[in-house]
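First to last, the sequence lines map onto chains A and B. Just so you know, we're using my numbering here: the first sequence kicks off at 1 and counts up by one. Just so you know, we're using my numbering here: the second sequence kicks off at 1001 and counts up by one. Since the structure comes first, as structure tokens, the remarks are kept for the end.
Number of protein chains: 2
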Amino acid sequence: MTEKLTKHDMVEDDFDLANFLPFLLNQAAEESSLTFQDVYKNRYGMLRTEWRVLFHLGMYGRMTAKEIGARAKIHKTKVSRAVQRLAERRFITRTRDSRDRRSEHLELTAAGEAAYRDLRGVAKEYDRKLARHFTSGEVALLRSMLRQLAGIR
Amino acid sequence: MTEKLTKHDMVEDDFDLANFLPFLLNQAAEESSLTFQDVYKNRYGMLRTEWRVLFHLGMYGRMTAKEIGARAKIHKTKVSRAVQRLAERRFITRTRDSRDRRSEHLELTAAGEAAYRDLRGVAKEYDRKLARHFTSGEVALLRSMLRQLAGIR
DNA sequence: GGGTAATAGTTGATTTTGTAACTAACAATA
DNA sequence: TATTGTTAGTTACAAAATCAACTATTACCC
Chain A
1 MTEKLTKHDM VEDDFDLANF LPFLLNQAAE ESSLTFQDVY KNRYGMLRTE
51 WRVLFHLGMY GRMTAKEIGA RAKIHKTKVS RAVQRLAERR FITRTRDSRD
101 RRSEHLELTA AGEAAYRDLR GVAKEYDRKL ARHFTSGEVA LLRSMLRQLA
151 GIR
Chain B
1001 MTEKLTKHDM VEDDFDLANF LPFLLNQAAE ESSLTFQDVY KNRYGMLRTE
1051 WRVLFHLGMY GRMTAKEIGA RAKIHKTKVS RAVQRLAERR FITRTRDSRD
1101 RRSEHLELTA AGEAAYRDLR GVAKEYDRKL ARHFTSGEVA LLRSMLRQLA
1151 GIR
């Protein structure tokens, strides 16, 4: 006597959306961002985009808004607003390019540099904490895969 | 003659923010979401949260807004609004629980089910495409690590 | 050179999200 | 059964993201 099965009792497909990579990536990204967000938010009143801009400038040095957008894949309007706020708070300086006066070069001030170092220290610690769950080989592989998925070659 | 080095020439630290896990996770998540977003956005006019709610209902069947929020870690206000929109568009039905009239049970309509199947098919194909860059062992490890980082045990 | 297209960055309008306060229903306890 | 506390879900308002249009400047090219 075969009873009627609901659609959810039947195995229709071997694909399980709970393992869908974009879904898992988003969940992991969101979860791992939250803890760190508290730090730059509470300690420096920064938004996520601002922290990203700050860390790109801290990591690679002087560059234009466009370059930051390209590297970090942040839309130019977001970069523009983040730059405004960071400049207001004296974390960065903006200087027009003399040869192409449309663009301007952004650079960390001493205060920006200090914030960057501070946050980088926290980030380092937090990264260690996240990596602690895995072997160093696993973490290396994870980073490499994420870089590839992110389109960073 | 030791020249003055700029701060970026010096190695101050072994930690490179370009490898910061939350950063890499976000980049990978964003990149991998974009392609798929186009599908549910253009094909069904859905937002990300709506697609997520739809797929939870499609995957696990009838459940309440609260359960969806708990499983997918989506805030209740986001779920509430997604449910409203999905119900307006007749992708889901809402029926009050007779024993506890605060909560209601959500279920896919035929149209919702069709959309779910369609999108799941696209997702499956896309997942395969993403996984193609790696060995199956690598992908399995990746998923498992992401689950752990996401706090899904 | 003059006209057109392209580029860097900004601004404004519209959507979407986040936060907090709220309603309605239920539970527990005295 | 009144009192107080919880819970499911909604709503209102503020914050932020998105999208399109805009300014100013440079590049192209006839």
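C-beta: ideal position from N, C-alpha, C; glycine also.
{"Check": "Cross-chain neighbours of B/R1043 in chain A, by beta carbon under 8 Å", "Outcome": "Within chain A, no residue comes near B/R1043; the closest Cβ sits about 16 Å away, beyond 8 Å."}
{"Check": "Residue interval of the alpha helix (DSSP H) (run including A/I68)", "Outcome": "A65 to A72"}
{"Check": "Contacts that A/S103 makes with chain B (C-beta to C-beta distance below 9 Å)", "Outcome": "Those do not exist, as A/S103 stays about 20 Å from chain B at its closest Cβ, beyond 9 Å."}
{"Check": "Touching by the beta-carbon criterion (3+ pairs, under 8 Å), the segment 54-70 of chain A and the segment 1046-1061 of chain B", "Outcome": "no"}
{"Check": "Counted within 10 angstroms of its Cβ, other Cβ atoms place A/H56 as buried (16 or more) or exposed", "Outcome": "buried"}
{"Check": "Among A/K124, A/K129 and A/R89, the one whose alpha carbon lies nearest that of A/A111", "Outcome": "A/R89"}
{"Check": "Residue span of the beta strand (DSSP E) that contains A/R96, given as start and end", "Outcome": "I92 to R96"}
{"Check": "Residues that A/H56 bridges to, as DSSP identifies them", "Outcome": "Bridge partners of A/H56: none, in fact."}
{"Check": "Stretch-stretch touch, CB-based, cutoff 8 Å, three pairs: the segment 1019-1035 of chain B with the segment 22-40 of chain A", "Outcome": "yes"}
{"Check": "Given B/Y1040 as reference, the closest of B/A1114, B/T1135, B/R1143 and B/R1147 once Cα atoms are compared", "Outcome": "B/A1114"}
{"Check": "Chain-ordered neighbours of B/E1031 on chain A, where CB pairs are closer than 7 Å", "Outcome": "L149, A150 and G151"}
{"Check": "CB-CB length for B/R1094 against B/V1083, believed under 8 Å", "Outcome": "7 Å"}
{"Check": "Beta carbon proximity, A/M59 to chain B, threshold 9 Å", "Outcome": "yes"}
{"Check": "Inter-residue Cα distance where the pair is A/V122 and B/S1136", "Outcome": "34 Å"}
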